[in-house]
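Worksheet for the structure shown next.
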Amino acid sequence: MAGKRHFQLTEHQQQTLMDAFEKSSDGPTRTRLQAVRLYGRGYSVEAITEITGCPRRTLLRWCQQYRLEGTNGLTDKRLGGNRAFLSDEQLNDICQKLHQYRPIDVMGAADVATASGQHWTIPDLKQALQQWYGIVYQSISSYRVLFKRCGFSYQRTARVFRSKSATQVADFEEQLEKN
2 MAGKRHFQLT
12 EHQQQTLMDA
22 FEKSSDGPTR
32 TRLQAVRLYG
42 RGYSVEAITE
52 ITGCPRRTLL
62 RWCQQYRLEG
72 TNGLTDKRLG
82 GNRAFLSDEQ
92 LNDICQKLHQ
102 YRPIDVMGAA
112 DVATASGQHW
122 TIPDLKQALQ
132 QWYGIVYQSI
142 SSYRVLFKRC
152 GFSYQRTARV
162 FRSKSATQVA
172 DFEEQLEKN
């Protein structure tokens, strides 16, 4: 036999949660706002966990946060796992090193990802971070974000057919011009 639910929302509280839900563009925050609103309106825990994908314990914790802090208590305060790996000082140091050195200067010709070792790639950055700070990110997108923070942009590599000799290519282009 289930006990009586003590958490109930007034019409004003429901409207406040709905307004916050509509104004928010953050997915996790919207989920929390919606879950608390549904729970406060009397929806079953099973229905809310099916709709939101959150476990019962998490739903009850969100309701408690709402009681203590209102809608502000439901905002997503996570900073992301990889952010904690590097301090601001280390980030500045990495940016400076990436602009000052080439991969070949840091790792040597044998360990770079490209043949020339002139330009930074994700595998090069991954190896350099591990060498400098002992850090390995699980997601490749973390390395992309780090490149962006350091002012690097994504460049597609040029397709070069190494099996073709320069004279063959020149001869072919000359034939194209003649025709």
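With this note's numbering applied, the sequence shown corresponds to residues 2 to 180, in that order.
For every residue, glycine included, the Cβ atom is placed at its ideal position computed from N, Cα and C.
In this text the structure is predicted, and so the values were computed from the model without any measurement.
Distance between G74 and A48, taken at the CA atoms: about 23 Å. Taking C-alpha positions only, V113 is separated from E178 by approximately 39 Å.
In the three-state DSSP reduction, P104 falls in the helix class (H, G or I). Remark: C-beta atoms of M108 and D94 do not approach each other more closely than 8 Å. With a 10 Å radius around the Cβ and a threshold of 16 neighbouring Cβ atoms, S143 comes out buried.
By the neighbour-count criterion, in which 16 or more other beta carbons inside 10 Å mark a residue as buried, Y155 falls on the exposed side. Around K98, the same chain offers V107, A129 and W133 as residues with beta carbons nearer than 8 Å, after the five sequence neighbours per side are excluded. Between R38 and L69, the beta carbon gap of about 17 Å keeps them out of contact (Cβ cut-off 8 Å). Check the Cα spacing between F153 and each of H100, S25 and F173: the tightest is with H100. Setting aside the 5 residues that flank it on each side, A36 is surrounded in the same chain by I49, T53, C55, L60 and W63, each with a C-beta closer than 7 Å to its C-beta; the list follows chain order. When rounded, the separation of the alpha-carbon atoms in F8 and G41 is 6 Å.
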